[in-house]
Amino acid sequence: MSSGARIFLGIAALAFSGMCGYVALAGTIPKNVWIMWVIAGICFMITLACIPGRHAHWIGRSLAGIVALGSVGYLIAMAFEPPDPSGVTSIWKAIGLFSAWGLPSGWYAAVGRAPSFGRLKRMMENLKAP
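Mind the numbering: the sequence shown is residues 253 to 382 in our numbering, read in order.
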């Protein structure tokens, strides 16, 4: 990522983190205010990841782990959710979220690099080799 994009993302994440913290402190959300603190914390982690250094890699992996765990939690919650009176269930949305965001971010959290189809193909070929 270029330094200009990194600076812009860091400032935007810091501003959003501050706004979420302000909303949580002001008490404008009477119920479930902890969600705003979680969002503020995640945005602050993004701000820290924009500062160059060795810590940025580990913060990125931590953020990827949070996304992976959140998508797994949503998938589990929707698996046990009864369908609406209209018969519509959100399990397909949960499966889509898990496959689009949960699996790649879980891979990044565990391995430390983004998944690619080339690496996946080589890994599968190595598994088939006697």
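The beta carbon of each residue, even a glycine, is placed where N, CA and C say it ideally should be.
Grab me the residues of residue i's own chain with a C-beta within less than 8 Å of its C-beta, minus the 5 sequence neighbours each way, in chain order.
i, result
"residue 330", "341, 342, 343, 345, 346"
"residue 300", "307, 308, 311"
"residue 272", "288, 289, 291, 292, 295"
"residue 333", "341, 342, 343"
"residue 350", "323, 324, 326, 327"
Between which two residues does the alpha helix (DSSP H) carrying residue i extend?
i, result
"residue 312", "307-331"
"residue 283", "First-last for residue 283: undefined, no H or E at that position."
"residue 348", "343-349"
Could you give the distance in angstroms between the alpha-carbon of residue i and the alpha-carbon of residue j?
i, j, result
"residue 284", "residue 275", "12 Å"
"residue 376", "residue 313", "24 Å"
Looking only at its own chain, which residues have a Cβ that is under 6 Å from the Cβ of residue i, when we skip the five neighbours before and after it?
i, result
"residue 357", "316, 319, 320"
Taking a contact to mean a Cβ-Cβ separation below 8 Å, would you say residue i touches residue j in this structure?
i, j, result
"residue 256", "residue 302", "no"
Handout entry: Cβ contact check for the segment 321-337 and the segment 288-303: 3 or more pairs under 8 Å
Key = no
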